[in-house]
Structures are given as structure tokens and as C-alpha cells.
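Peer 1:
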Amino acid sequence: MPAYILLILIWTGYFTFHSLLAAHFVKNRAERSLGLSGKKYRMMYVLLSVILLIPLLWYTAAHQGNRLFEVSVWTQFIGLMLATYGVFIVREGFRYYHTPAFLGLANPELEQDKLVIEGLNRYVRHPLYAGTILIVLGLVVFLPTMTNLIVFILILIYTLIGIKLEEKKLVEQFGQEYEDYRKNVPMLIPKIFKR
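Note that the numbering used here has the sequence shown beginning at -4, numbered continuously upward.
1. Under DSSP, the alpha helix (DSSP H) around Y9 begins and ends at which residues?
2. Less than 7 Å between C-beta atoms, sequence neighbours within five positions excluded: which residues of the same chain meet that for T140?
3. Looking at C-beta atoms only, is the number of pairs between the region 126 to 145 and the region 69 to 87 that lie closer than 8 Å three or more?
4. Does the pairing of the region 148 to 164 with the region 5 to 18 give three or more beta-carbon distances under 8 Å?
5. Evaluate N179 with the Cβ neighbour count: other Cβ atoms within 10 Å of its Cβ, from every protein chain shown; 16 or more gives buried, anything less gives exposed.
6. With D175 as the anchor, note down where its alpha helix (DSSP H) starts and where it stops.
7. Reducing DSSP to helix, strand and coil, say where R24 ends up.
8. Secondary structure at R62, three-state DSSP: helix, strand or coil?
9. Could you spell out the range, first to last residue, of the alpha helix (DSSP H) harbouring G114?
10. Taking only beta-carbon atoms, is V21 less than 9 Å away from chain D?
11. Please state if the CB of T55 and the CB of V146 are separated by a distance shorter than 9 Å.
12. Distance check for S28 and F169, CA to CA, integer angstroms please.
13. Given that a residue counts as buried once 16 or more other Cβ atoms are within 10 Å of its Cβ, and exposed if not, what is W53?
14. Taking 8 Å as the cut-off, does the region 77 to 86 touch the region 121 to 135 (at least 3 CB pairs, one atom from each stretch)?
15. Taking buried to mean at least 16 other C-beta atoms within 10 Å of its own C-beta, is P194 buried or exposed?
16. Could you tell me which residues DSSP pairs with E140 in its beta bridges?
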């Protein structure tokens, strides 16, 4: 099997598994059948996601493939700046979330009581996803291989699908408040010039 097809299958499998574990029906069933609290399920979800991501990243790093273009000091600088800016966005984005609940270290209901529209959420609805996309795009520019480009495209597709599903849940949870927020705040790319 060609390496790129295997790479696509492995990442797609990871994303599918990750999404299934995040689905309410799987979470509810696991909580009932295994007797897990919401906190313990979230912790298991985060731990399993990280543990499974490690060999995936190793495989990706070990099978880089052909360069897409010649690397220069400028492409590496631009790639590094994009990734650094992405890390900054993710870090800042987490400031307005209940990080212990997000990681499964506290009750997950603590992060769901009100719609967060402070900090970077004033400019984009999904700063954590925007930052992640910038980090991976920075990697592609810094180390422009076919493998990194494929992974970037897969992460971008997965993120856009995930946003659609997540926003459905947010509309159910917050109703008109989220609908109004969605009308006024862009998904991933901030409006540079506001009217």
C-alpha cells in the first residue's frame, strides 16, 4: 500500500475514533455501562486521544516524503512565525475556558454554564481551532513535504466538520444567544476592518 494512502487511512481512523468518543451517545453509554462520571470519562477521552496521537505523530515524522518546494531562511521564518502565532492563539484561547474541566481534571459541567464571548472569542468563534490550523500550516511552510501537506489538509477538513457538529450542539445549548453570536463573529478568520 502506498505510504500516502496509509497515512490518510491512519489519520482518518484516528479522527473517526476521536469523534466517536466525543459523541454524546457513546459518552452516555460508557458512563452507564462502565459507571464512569462525566469527569472520569472526559479524563479517559483526553488520555486516550493523547496516547493514540503519539504513534501517529511518530509515523508521520518518519515518513516525510518529497519536498514540495525549496526551503529557505524566509520560508522557515514564515513557517515559524505562523506556528508561534498559532501557539499564542491557542494559549490565549484557553484563558477563557475552564481548562481543568476541558482536560477531565474537574467536572465537565463547569465549562458549559455560559457562552464564552470574551478574549479571542470576540474576534473568532473558534480560537483554539484557528490556532491549531496556524500551527500545522506553519509546519507545512517550515518543512514543506507532501506528508505535512496531506496532514494539514486532513486536519483542516476534520476541523471544519467538527466545527459544524459542535455549533449544532452550541445552538441546542444556548439557542438564540449563540445564533446572534454566530451572525456577528466569524468562524476562524477575524474581520480585519469592522464597519
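Every residue gets a Cβ at the ideal spot worked out from N, C-alpha and C, and that includes glycine. Bear in mind that the values here come from a model prediction, so they are computed numbers and not experimental data.
Peer 2: If we stick to the structure as given:
1. A(-2) to A17
2. Q59, G60, N61, R62 and L63
3. yes
4. yes
5. exposed
6. Q171 to N179
7. helix
8. strand
9. Here G114 belongs to no alpha helix (DSSP H), and DSSP marks it neither H nor E.
10. Among the chains of the structure shown, chain D does not appear; only one protein chain is present.
11. yes
12. 29 Å
13. exposed
14. yes
15. Summary: the structure shown does not reach residue 194, with the chain confined to residues -4 through 190, and so no result is reported for it.
16. One detail in the question is off: residue 140 reads as Thr in this sequence, not Glu. Beta-bridge pairing links T140 to R62.
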